[in-house]
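150 is the number of the first residue of the sequence shown in our numbering; add one for each residue after it.
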Amino acid sequence: TAKASVAGRDRGTNIVALRLDTPASASPETPTPGEAQVGALAVALGTDGSGGTAARLGLIRRVGPGWHSQAGGRIERRINLDMALTPNEEGGPVLDVAGGLIGMSTLGPRGSVLVIPFETIERILGPLLGQGRVERGWLGVGLQPVRLAEDQHGVVGREAGLIVVSVAPN
């Protein structure tokens with residue numbers, strides 16, 4: 150058990166970095182990256198909500214290409230687990246059968262269980278520990294996709310476009 154404070158948070162990837170109030174007496178080992186393969190077993194660790202540890206065993210259901218979260222964070226790979234987690238259990242390590250760190254569990258749409266991959270965590274930790282945030286560009290506009298009228302297809306060279314539906318103040 151150690152006291153810590155929040156060093157930074159990235160809502161785009163759902164990663165929070167903690168800074169220990171008292172430095173650890175020994176340097177922690179860097180975890181060995183794990184391998185996410187469809188059909189392989191995975192163990193998700195978390196809290197039971199009362200200070201204890203919870204563990205879930207399941208399969209890696211899907212491994213796909215990189216993607217962007219609804220909050221704008223770039224995630225290196227899409228990894229879905231075939232298991233259920235409670236909100237208390239979310240945010241813990243997900244390990245492969247060899248004990249390698251695949252990433253961190255997070256709840257996705259409709260209760261699906263996703264993994265924020267090791268590579269994403271490694272990339273985000275530096276900015277969170279250094280600046281307390283991850284800088285991202287922002288336009289300040291809300292956009293809605295629209296289908297263009299047929300007579301406009303040839304003019305603009307597209308069948309669809311975007312319409313501005315809101316503008317942030319200032």
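Glycine included, C-beta positions come from ideal geometry on N, C-alpha and C.
Just list the residues that DSSP pairs Arg-168 with in beta bridges. For Arg-168, the beta-bridge partners assigned by DSSP are Ser-154.
Could you spell out the range, first to last residue, of the beta strand (DSSP E) harbouring Pro-214? First-last for Pro-214: undefined, no H or E at that position.
Distance check for Ser-254 and Ser-218, CA to CA, integer angstroms please. 14 Å
Environment of Pro-266 [buried if 16+ CB atoms lie within 10 Å]: Classification of Pro-266: buried, given that the 10 Å Cβ count is 16 or more.
Tell me which residues share the same chain as Gly-249 and place their Cβ nearer than 8 Å to its Cβ, disregarding the 5 neighbours each side in the sequence. Pro-180, Thr-181, Pro-182, Gly-183 and Glu-184
What residues match up with Gly-195 in a beta bridge as DSSP calls it? Beta-bridge partners assigned by DSSP to Gly-195: Ala-203.
Limits of the alpha helix (DSSP H) - the one that Gly-303 falls within: Start and end: 299-305.
Relative to the alpha-carbon of Asn-319, which residue among Leu-190, Val-290 and Leu-256 has its alpha-carbon at the smallest distance? Val-290
For Leu-288, which three-state DSSP category applies? coil
What's the gap between the Cα of Arg-223 and the Cα of Arg-160? 11 Å
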